[in-house]
Amino acid sequence: HRAQCPGGNISSSLPLYGWFQHLQVTFGCGGFCESEVPIFGLTTMKETIEKKPACIGSAVELLQVTGRSFGVAAVAASLPPAIGAIILACSASWSDDDDDDYEEVALTSDDETALLSDRLL
Numbered sequence: 479h480r481a482q483c484p485g486g487n488i489s490s491s492l493p494l495y496g497w498f499q500h501l502q503v504t505f506g507c508g509g510f511c512e513s514e515v516p517i518f519g520l521t522t523m524k525e526t527i528e529k530k531p532a533c534i535g536s537a538v539e540l541l542q543v544t545g546r547s548f549g550v551a552a553v554a555a556s557l558p559p560a561i562g563a564i565i566l567a568c569s570a571s572w573s574d575d576d577d578d579d580y581e582e583v584a585l586t587s588d589d590e591t592a593l594l595s596d597r598l599l
C-alpha cells in the first residue's frame, strides 16, 4: 500500500514527488533542508538508518547549472538575429549615402499653382 498524506492523497500524487525522488536517487542525498535518512533509492537495511546530506545543496547546484545552460543557449540563439539586424541597418545607411541618382527640385509658386489647379479639375 502506498504512503498516504493527511486528507487521503497518495504521496506520489504530490506536485514535486517525482522531482524529489529523482534528486535523492541521483545525488544520494537525504532530507531536503536537513540531513535525514533518504526516502528513495535505499538498497540495504543499513541505509535505512544512515543520514545523508541534505538535498538542498544539490538542488541549488542543479538549478544553477541549468540556468547557466539556458542563459548561454539564449545568448547563442540571439546572436544571429542581432548580427543580421546590424548588417541590415548598416547597409541601409550606406545605400542612402551612395544614392546620388536623384536631384532635388525647388518648386516655384507658379509650379505650385499649376499642381493645385490640376487637382481641382
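Following the numbering used here, the numbering of the sequence shown begins with 479 at its first residue and continues without gaps. Even glycine gets a Cβ: it sits at the ideal position worked out from N, Cα and C. As the structure is a computational prediction, the values presented were derived from the model and not from experiment.
Rounded straight-line distance, which links the Cα of residue j to that of residue i
i, j, result
"T521", "I564", "59 Å"
"K524", "L494", "27 Å"
"S491", "P558", "43 Å"
"C568", "G549", "28 Å"
"A554", "A570", "25 Å"
"G562", "S556", "10 Å"
"L566", "Q499", "51 Å"
"A560", "W572", "18 Å"
"G509", "G545", "24 Å"
"G486", "C511", "25 Å"
Beta-carbon proximity check, residue i vs residue j, cutoff 8 Å
i, j, result
"V515", "I527", "yes"
"S513", "K529", "yes"
Residue from the options with nearest C-alpha to residue i
i, options, result
"W497", "G486, A551, I488 and F518", "F518"
"L540", "L501, I488 and N487", "L501"
Checklist entry - For the 8 Å Cβ check, are there 3 or more pairs between the stretch 531-541 and the stretch 497-510? => result yes
Checklist entry - Fully enclosed by the stretch 491-577, which beta strand (DSSP E) runs are 3 residues long or longer? => result none
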